[in-house]
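Just below is one structure, and these are the notes that go with it.
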Amino acid sequence: MYIKDLSLHEEKEITLQGWAANKRESKGLVFIILRDGTGLCQCVVDANKVSEEIFAHAQKVSLETSLSITGTVVKDDRQVGGYELQATSVTIIGGSVDYPIAKKEHGVEFLMDHRHLWLRSQRQWAIMKIRNRIIYSIHQFFQEEGYIQMDAPLFTANASEGTSTLFETDFYGEPSYLSQSGQLYGEAMAMAMGKIYTFGPTFRAEKSKTRRHLSEFWMIEPEMAFHDIFQNMDVIEAFLRKVVSDVLAECKNELAIIGRDTALLENIVKPFPRLTYDEAVKIIKGEENVNGVNAIESLEEELKKVVARMEEVKAEIAEREEKIKVPGMKKGEIGFNQAKIDKLKQELADLEEDQRNIPGWLNSARNFEYGNDFGGSDETVITRLFDRPIMVYNWPHEVKAFYLKRDPNNSHFARGVDVLAPEGYGEIVGGGERETDLTLLVDKINEHKLPMEAFEWYLDLRRFGSVPHAGFGLGLERLVTWVCKLPHVRESIPFPRMYGRLKP
RNA sequence: UCCUUGAUAGCUCAGCUGGUUAGAGCGAGUGACUGUUAAUCACUAGGUCCCUGGUUCGAGCCCAGGUCAGGGAGCCA
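To convert, take the position in the first sequence, counting from 1, and add 97; that gives the numbering used here.
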């Protein structure tokens, strides 16, 4: 019997099994908030209605004690799930002494050190449910569209794109690398099956310490034969629309728990703006406006807002600190103010962080050099102006991967496309149409100083029945992070692996 | 690798210009209270002030080096 099904058993006696998420006590009454992975339910143990022994068990329950509770399901609109259980019996399964995660705010380091327990908390539960829904919808979309799921190897012989640093490992005495992308293998599989997608872990050994990087993350990489870049963009758009719409429809409760304002997510039904690199650069540099808003000016305003808010927060902290000092205030009220002050100080620290960062971003946007790839801050600058994902395509070929097709209309450009999520989240998808011209491809491999013999099999794909084809890679965690509007990718995966974080 | 901020009780933090015995809230323990929603109230316990060295009559505070962590750049999904 699961908490999510309580509504089907009103006024009946049932048994729930789970963990105590919270407990409150008063004389003769114990309230246990039971958590079973499907929801929360308040269980009331009344001394007048159960034996002394059972009541004693209930009193002994501490945070995260596992237990089974039998009782009658009663409708009660005041409660979390709308129902509560009038207990007739309580059995402790496993005790829990000094559970480390208290019912209050904790710092990131502490929470990350206790990730194995942190996952039990409601917010993390909701995020993982949304992650699960996203994964489900991804498979559903591709399966319904006739894609075959195939997997690329994780051990690879070389740094395939030659760009980022990879994790080196030992493969029976030979050096090998953990895969940074299944892309090239995806192309081979698409030539066999038509349309395929891979879904697996990917590894990058960059020592990145930012809110958007992980060392190990999950990537979805579709590859389609007989698709050009524009059809590719159509697929990306339909795909993201389906996934986000499904989350909106199926995860209302979870989105509410994490406090996600879904207004901007609803815009997913509108067409995604498609900008060329040239257009995007003009917007970043402030030479062109978006709906009358200038990127540079809007960021300057943001900085002013940050400073103004800092003053407000400082004033409120000072005011509350004065209030606490005045004698005669009730203990509860002091505690309330203290908690508020703690929260405000955290906000102030975040604002100070913004105050330090924004000028650098402004500088980088103003002095953006045409021909360069976008940096993290440039993505932030441009996506702030849009209310839905945007697609930027036709990039200077020098800054993109060697396998991207040169634009037939202008050989300066490669037919790559990046999808940038709104609300400052930046790149969630990178893809494009693949080069089919054997000569150009060989030139590119030489230009990037990649070992030709490692790519012979890849070149075979052009030698034997080459066709136009395209695909993309979607970073699952970045998608989850944006959909949930998380402050950092590390909360989007059960056990994040990142620079300096290997345990738990 | 570089820039930047930080490390004080189990947790979140305060600690003035270097000055006596380092504080608060939460949590924990004990007690009171019959419907609580981070319950409330009273009491109790709880400290290697990150490490090493230096300056000083005196260092949580100043200086040097290190360790770890947060944020950012580069790189990327």
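No residue lacks a Cβ here, since even glycine has one placed at the ideal position from N, Cα and C.
Treat the numbers as computed from the prediction; the structure is a model and nothing was measured.
Report the option in the options whose CA atom is closest to the CA atom of residue i.
i	options	result
Lys304	Pro298, Phe296, Gly297, Glu313	Glu313
Val332	Tyr596, Ile542, Ile293, Tyr555	Ile293
Glu242	Asn454, Glu320, Gly279	Glu320
Leu372	Ser273, Phe327, Phe336, Gly136	Phe327
Gln221	Gly597, Glu588, Thr536, Phe499	Glu588
Val116	Glu107, Ser104, Ile130	The question names Val, but residue 116 in the sequence shown is Trp. Per the Cα distances, Ile130.
Ser273	Phe252, Gln280, Ala289, Leu281	Phe252
His310	Arg463, Gly572, Met407	Gly572
Tyr233	Ala118, Tyr500, Ser165, Val340	Val340
Gln183	Val158, Val142, Leu164, Asp210	Val142
Glu520	Asp358, Glu385, Gly527, Glu413	Asp358
Arg338	Asp174, Leu103, Pro493, Pro368	Pro368
Glu150	Ile354, Leu137, Gln240, Ser186	Ser186
Leu103	Gln139, Arg121, Glu122	Gln139
Ile189	Gly179, Ser395, Asp195, Phe152	Phe152
Val516	Phe483, Asp534, Phe499, Pro505	Phe483
Ala287	Pro593, Arg575, Leu576, Arg559	Arg559
Ala285	Ser563, Cys581, Pro593, Gly191	Ser563
Could you compute how far the alpha carbon of residue i sits from the alpha carbon of residue j?
i	j	result
His324	His509	21 Å
Gln156	Val127	7 Å
Cys348	Asp557	45 Å
Gln280	Leu400	40 Å
Asn454	Thr578	21 Å
Asn460	Pro584	24 Å
Arg598	Ala144	47 Å
Thr112	Met407	51 Å
Lys124	Leu160	19 Å
Val147	Asn119	20 Å
Glu444	Lys402	14 Å
Glu413	Gln452	19 Å
Ala353	Glu107	25 Å
Val478	Lys201	34 Å
Met549	Pro493	23 Å
Ile381	Val496	17 Å
Gly633	Lys582	Since the displayed the chain opens at 98 and closes at 601, residue 633 lies outside it and no answer follows.
Gln237	Glu122	46 Å
For residue i, report the span of its alpha helix (DSSP H) as first-last.
i	result
Met209	205-210
His236	219-241
His154	149-157
Lys339	326-347
Lys379	374-381
Tyr555	553-560
Asp475	473-480
Ile542	535-544
Would you kindly report the start and end of the unbroken beta strand (DSSP E) that includes residue i?
i	result
Gly283	Segment 280-290 is the alpha helix (DSSP H) holding Gly283; no beta strand (DSSP E) there.
Cys140	137-143
Met488	487-493
Ser186	180-191
Asp102	Asp102 -> no beta strand (DSSP E), and no H or E assigned at all.
Ile636	Because residue 636 is not part of the residues shown, which for the chain are 98 to 601, the question remains open.
Thr266	265-268
Lys120	110-123
Val526	523-530
Thr169	163-172
Tell me which same chain residues have a C-beta within less than 6 Å of the C-beta of residue i, skipping the five on either side of it?
i	result
Pro601	Arg212, His213
Ser474	Trp458, Ser461
Ala518	Pro486, Ile525, Trp579
Arg230	Val344, Glu347, Cys348
For residue i, which residues from the same chain have a beta carbon less than 8 Å from its beta carbon, with the 5 sequence-adjacent residues on both sides left out?
i	result
Leu537	Arg503
Pro591	Arg212, Leu216, Met225
Asn329	Met321, Val514, Gly528, Gly529, Glu530, Ala567, Gly568, Phe569
Grab me the residues of residue i's own chain with a C-beta within less than 7 Å of its C-beta, minus the 5 sequence neighbours each way, in chain order.
i	result
Ile393	Gly383, Leu459, Ala462, Arg463
Met595	His310, Leu311, Ser312, Arg587
Ala551	Ala254, Asn255
Gln114	Asp133, Ser165
Gly283	Ala249, Ile293, Thr295, Glu318, Glu320, Gly568
Phe207	none
Ile198	His211, Leu214, Trp215, Ser218
When the Cβ atoms of the region 535-550 are set against those of the region 351-371, are three or more pairs found closer than 8 Å? no
Do the region 281-297 and the region 233-253 make contact, defined as three or more Cβ pairs closer than 8 Å? yes
May I ask you to verify whether the region 440-447 touches the region 480-491, counting CB pairs closer than 8 Å and requiring at least 3? no
With three or more C-beta pairs closer than 8 Å as the rule, is the region 198-217 touching the region 263-283? no
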